[in-house]
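Undergrad: My numbering numbers the first residue of the sequence shown as 348 and each following residue consecutively.
We put the CB at the ideal spot given by N, CA and C, even for glycine.
Keep in mind the model is a prediction, meaning the values are calculated, not measured.
Encoded as structure tokens, here's the structure I'll be asking about.
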Amino acid sequence: MESIEKANQLLTSFHELVNTKQAQAFNPEDGYKVGVDLGTSSIVLVVLDGKNQPIFGAFEYANVIRDGLVVDYQQSVQIVNRLRIQAEEILGFSLKAASGAIPPGTVGNNKRVVANVIESANMLADQLVDEPTAAALVLGVTEGAVVDVGGGTTGISIFEQGQPIIVEDEPTGGTHMTLVIAGNNKISIEEAELLKRDPSRDRENFIICRPVIQRMANITANVLRKHPTESIYVVGGASYLSEFEKEFSTYLKQEVYKPKYPQFVTPIGIAMSSTPIMDLM
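Here it is as structure tokens:
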């Protein structure tokens with residue numbers, strides 16, 4: 348699909364920036380946008396130019412979110428602040444504001460805390476978008492379902508004419524995969540998290556985590572029963588396993604698309620939702 352190919356180019360460019368820890372030159376007249384993704388297993392900072400092309404990216408592994416909610420506020424602020432400082436040193440200008448994302452259905456103080464983290468890290472809070480909607484911006488989805496499989500939750504949004512008409516979230520994600528790996532190998536959670544990220548264990552981890560993936564697919568199926576749609580896209584760090592989308596397709600009995608580097612889709616979408624900042628001081 349053309350939209351996936353375009354997204355893959357964007358994701359590949361961003362992935363290269365993250366790996367090299369360098370900045371991409373851009374036209375200052377276009378301004379810049381910043382997104383901060385507070386994930387269950389990592390926090391990602393994205394800087395795009397005003398035309399939504401990546402100019403900087405960085406992340407740190409973290410354990411500050413549980414079931415989509417911030418449980419270690421201070422560490423969240425410290426990590427975002429470190430990422431901001433790193434970006435500013437490499438880019439040569441201050442990041443004035445950033446947008447954030449929340450799981451679907453988040454309300455009240457739980458919603459405000461994401462903005463508070465951004466502001467405590469010395470940036471203004473710009474937009475707050477739900478995670479699947481942010482992912483849809485990157486994928487160019489106007490019709491279909493976006494399934495954002497994060498560390499703690501699986502969020503599903505159904506889109507029609509570019510607008511989300513159904514947005515749901517369930518507490519099943521990568522953390523549950525880690526627990527299964529830990530139990531199967533009789534190792535600690537910390538050891539299991541490292542094992543989960545080991546590319547050489549991809550097939551083995553898939554077999555172990557298959558029941559959890561099927562649970563995620565079942566959550567998605569329940570939403571699709573309310574509103575069937577042809578195009579289904581899966582994103583999020585927990586969907587990294589190479590056979591993940593194939594298992595989803597088998598369970599749902601329809602094709603499922605997964606872009607490259609799915610862990611970066613939502614963070615980039617958060618930045619895309621931001622208001623361009625023209626002040627490069």
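Hey, which unbroken runs of the beta strand (DSSP E) at 3 residues or more fall wholly within the region 427-463?
TA: Correct list: 444-449.
Undergrad: Output the residue ranges of the alpha helix (DSSP H) runs that lie fully inside the region 528-567 and measure 4 residues or longer, sorted by chain position.
TA: List check, alpha helix (DSSP H) in window: 536-543.
Undergrad: For my contact list, Val-488 and Thr-567 are in at a C-beta cut-off of 8 Å; report their separation, rounded to the angstrom.
TA: That pair is no contact at about 15 Å.
Undergrad: Which residues in the same chain have their Cβ closer than 6 Å to the Cβ of Ser-360, if we skip the five residues on either side of it in sequence?
TA: Cβ within range, chain order: Pro-401.
Undergrad: Evaluate the contact criterion for the region 543-561 versus the region 462-478: three or more CB pairs, one atom per stretch, below 8 Å.
TA: Contact fails: fewer than three Cβ-Cβ distances are below 8 Å.
Undergrad: Excluding the five sequence neighbours on either side, which residues of its own chain have a C-beta within less than 7 Å of the C-beta of Arg-535, listed in chain order?
TA: Inspection of the sequence shows that residue 535 is occupied by Ser rather than by Arg. The answer, listed in chain order, is Ala-529.
Undergrad: Is DSSP giving Glu-363 helix, strand or coil here?
TA: In this structure, Glu-363 counts as helix in the three-state DSSP scheme.
Undergrad: In whole angstroms, give me the CA-to-CA distance for Ile-617 and Phe-591.
TA: Approximately 24 Å between the Cα atoms of the pair.
Undergrad: Check the C-beta distance from Leu-430 over to Val-381 and give it rounded, since I have them as a contact under 8 Å.
TA: 10 Å between Cβ atoms; not a contact.
Undergrad: Please determine, among Ile-513, Val-582, Ser-423, Gly-498, the residue with the shortest C-alpha to C-alpha distance to Leu-526.
TA: The shortest C-alpha separation from Leu-526 is found at Gly-498.
Undergrad: In this structure, how does DSSP classify Gln-400 when only helix, strand and coil are distinguished?
TA: Coil, per DSSP.
Undergrad: Measuring straight from C-alpha to C-alpha, what distance separates Pro-609 and Gly-583?
TA: Going by the C-alpha atoms only, they are around 5 Å apart.
Undergrad: Output needed for Ala-482: all residues of its chain with C-beta closer than 6 Å, excluding positions within five of it in sequence on either side, in chain order.
TA: For Ala-482, where only same-chain residues beyond five positions count, the Cβ hits under 6 Å are Val-493, Asp-495, Val-582, Val-612, Thr-613, Gly-616.
Undergrad: How would you label Ser-621, buried or exposed, when you count the other beta carbons within 10 angstroms and need 16 or more for buried?
TA: Classification of Ser-621: buried, given that the 10 Å Cβ count is 16 or more.
Undergrad: Provide the residue(s) that pair with Ser-389 in DSSP beta bridges, ordered along the chain.
TA: Its beta-bridge partners are Tyr-408.
Undergrad: By Cβ distance below 6 Å, which residues in the same chain neighbour Ser-446 in space, the five residues on each side in sequence not counted?
TA: Once the five neighbours on either side are set aside, the close Cβ partners of Ser-446 are Gly-382, Asp-473, Gln-474, Ile-617, Ser-620, Ser-621.
Undergrad: Exposed or buried, what is Phe-403 when buried is set at 16 or more other beta-carbons lying within 10 Å of its beta-carbon?
TA: Phe-403 is buried by the Cβ-count criterion.
Undergrad: Let's see if you can read the secondary structure: which residues bound the alpha helix (DSSP H) around Tyr-598?
TA: Per DSSP, Tyr-598 belongs to the alpha helix (DSSP H) from 591-599.
Undergrad: Would you tell me roughly how many angstroms separate the C-alpha atoms of Gly-520 and Ala-585, rounded to the nearest one?
TA: If I take the Cα positions, the gap works out to 7 Å.
Undergrad: With distances taken Cα to Cα, identify the nearest neighbour of Val-514 among Thr-501, Thr-522, His-523.
TA: Of Thr-501, Thr-522, His-523, the residue nearest in Cα terms is Thr-501.
Undergrad: In terms of alpha-carbon separation, which member of Met-563, Ala-564, Lys-543, Asn-565 lies closest to Ile-555?
TA: When each option's Cα is compared against that of Ile-555, the closest is Lys-543.
Undergrad: Considering only C-alpha positions, which residue in the set Tyr-587, Thr-576, Glu-435, Gln-369 is nearest to Met-628?
TA: Answer by Cα proximity: Glu-435.
Undergrad: Given Pro-451, which residues of its chain have a CB within under 8 Å of its CB, disregarding the five upstream and five downstream residues?
TA: Excluding residues within five positions, the ones whose Cβ falls inside 8 Å are Asp-477, Glu-478, Pro-479, Gly-502, Ile-503, Ser-504, Val-514, Glu-515, Asp-516.
Undergrad: Grouping DSSP H, G and I as helix and E and B as strand, with all else coil, what is Ala-370?
TA: Ala-370 falls in the coil class under three-state DSSP.
Undergrad: Roughly how many angstroms separate the alpha carbons of Val-570 and Pro-375, rounded to a whole number?
TA: In a straight line, the C-alpha of Val-570 is about 43 Å away from that of Pro-375.
Undergrad: Measuring alpha carbon to alpha carbon, tell me which of Asn-456, Leu-357, Leu-416, Thr-522 ends up nearest Asp-396.
TA: Measuring from the Cα of Asp-396, the nearest candidate turns out to be Leu-357.
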